[in-house]
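Enquirer: Below: one structure in structure tokens.
There are 2 protein chains.
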Amino acid sequence: MTTRIEYTNHDHDTCIHAALERAAEICYARGQRLTALRKQVLELVWHSHKPVGAYDVLAMLSKGQDRPAAPPTVYRALDFLQEQGLVHRIASLNAFIGCSCPDTPHVGIFLICEKCRTTRELAHEVGGEASLLPIQDLADSTGFQTRGALVELTGLCPACQLEKADA
Amino acid sequence: MTTRIEYTNHDHDTCIHAALERAAEICYARGQRLTALRKQVLELVWHSHKPVGAYDVLAMLSKGQDRPAAPPTVYRALDFLQEQGLVHRIASLNAFIGCSCPDTPHVGIFLICEKCRTTRELAHEVGGEASLLPIQDLADSTGFQTRGALVELTGLCPACQLEKADA
DNA sequence: CTTGCAAAGATATAATATAACATCCAGAGC
DNA sequence: GCTCTGGATGTTATATTATATCTTTGCAAG
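Respectively, the protein sequence lines represent chains A and B. Counting from 1, position 100 in the first sequence corresponds to residue 134 in the numbering used here; the numbering is continuous, with no gaps. Counting from 1, position 38 in the second sequence corresponds to residue 72 in the numbering used here; the numbering is continuous, with no gaps.
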């Protein structure tokens, strides 16, 4: 038995559906409005487990529309979703990914596959947040007052390690 | 006694000079060419202990020139300096900062002050690299093969904590 | 001296993000 | 129902960051 998320051969519709439902609950509980647009953007971000660029969202949003949406439309929605902790921004990719644990605020710890770009969030795994403590302690010891953090590891996900062996 | 770097009231010319000298040694030892342009860009990045944008470097580089330099000039120099480990890129700021410990390759751990933007690299402090181990272990335990990392903490540096108390 | 190659110059454009102002629309209070 | 208000969205323009591509330069080995 494992808590590992299987990114291949899973029913991703379930991921999306669950994420949207939880987002609705969270926003309702906080008195925030998950409007149709914001919901749609969230759904598009959840389209895969790979970070998606703002302009990718924009393109998906505009597909089949008479008038394509403009960048601020997407960026505003993404800002809202970030404020609510529903998506994270991956700084090293200028891209966004859905948060699978939006209930509690946390700093993200991400594992980004260099090959397939599938990205997994570690922060809320068992010991996830705790793993930051040594760094925080070191920062504290220099007198720095930490308020936010960004941790992004790049490498190869299990699936791509196998593929690499093939090649 | 402390190993803490004092960023205020220090002779920054010494920092710059030392960085340039060490860079020259490193490049020579590796058979890499620290050309005049690359050296100048490195010096401009070292202009302060705050990350500096590529276009800031570009502006400084062009000041007083007949023809201003073009972006690729700066980006190429920065790419070279990054490859040699002489500067780091701060992803959350789209900016660059001189590495104070370029002799050995390492992942950067940065403390970025939200107020004055002064940025300090922790990676090579005592226990710096080691502080990443719990995260690496966690990543390993998921089967992820880490090849690179990015750690950026934001908050308030000691000096700005005092100022904030004043205000 | 010429040839080969890395570095730098030059031009154009791609990709990401925000500023500023106009309009819309849902809900509160009358 | 009406109107007022404030947040959300639309619209236009532009700022900021980064790269592709081709040309030219300069230096060093043969």
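Here a beta-carbon is modelled for each residue, glycine too, at the ideal position from N, C-alpha and C.
Quick one: grab the DSSP three-state call for T36 of chain A.
Expert: Note on T36 of chain A: pLDDT 40, under 50, position unreliable in the model; no value is reported.
Enquirer: In three-state terms, what does DSSP make of A129 of chain A?
Expert: Residue state, collapsed to three classes: strand.
Enquirer: Tell me which residue opens and which closes the alpha helix (DSSP H) that R64 of chain B is part of.
Expert: Segment 46-64, the alpha helix (DSSP H) holding R64 of chain B.
Enquirer: Bridge partners for L95 of chain B per DSSP, in chain order?
Expert: According to DSSP, which records beta bridges pairwise, L95 of chain B is partnered with nothing at all.
Enquirer: With 7 Å as the threshold, decide whether the Cβ of L196 of chain B is near any Cβ in chain A.
Expert: Not an interface residue.
Enquirer: Just checking my contact of L187 of chain A with F144 of chain A at CB under 8 Å: how many whole Å lie between their CB atoms?
Expert: About 7 Å separates the two Cβ atoms, so the contact holds.
Enquirer: So G132 of chain B packs on V79 of chain B, CB below 8 Å; how close in whole Å?
Expert: Right, the Cβ-Cβ distance comes to about 5 Å (below 8 Å), so this counts as a contact.
Enquirer: Check this for me: beta carbons of A125 of chain A and S126 of chain B, under 7 Å apart or not?
Expert: Yes. Within cutoff.
Enquirer: Note down, in chain order, every chain A residue with its Cβ under 9 Å from the Cβ of I143 of chain B.
Expert: By Cβ distance, chain A contributes I169, L172, A173.
Enquirer: Which of helix, strand or coil does DSSP assign to F144 of chain B?
Expert: Note: F144 of chain B maps to strand in three-state DSSP.
Enquirer: Does any CB atom of chain B fall closer than 7 Å to the CB of A129 of chain A?
Expert: No, A129 of chain A lies away from the interface with chain B (no Cβ there is under 7 Å from its Cβ).
Enquirer: Would you tell me roughly how many angstroms separate the C-alpha atoms of L108 of chain A and V75 of chain A, rounded to the nearest one?
Expert: Note that residue 108 of chain A corresponds to Val in the displayed sequence, not to Leu. Taking the straight line joining both Cα atoms gives about 7 Å.
Enquirer: Quick one: which residues of the region 109-130 of chain A get their C-beta closer than 7 Å to a C-beta of chain B? List them in chain order.
Expert: Here the close residues are A125, S126.
Enquirer: Could one say the Cβ of E203 of chain B lies closer than 7 Å to chain A's Cβ atoms, at least one of them?
Expert: Because residue 203 of chain B is not part of the residues shown, which for chain B are 35 to 201, the question remains open.
Enquirer: With 16 as the cutoff for other CB atoms within 10 Å, does V86 of chain A come out buried or exposed?
Expert: It is buried - the Cβ of V86 of chain A has at least 16 other Cβ atoms within 10 Å.
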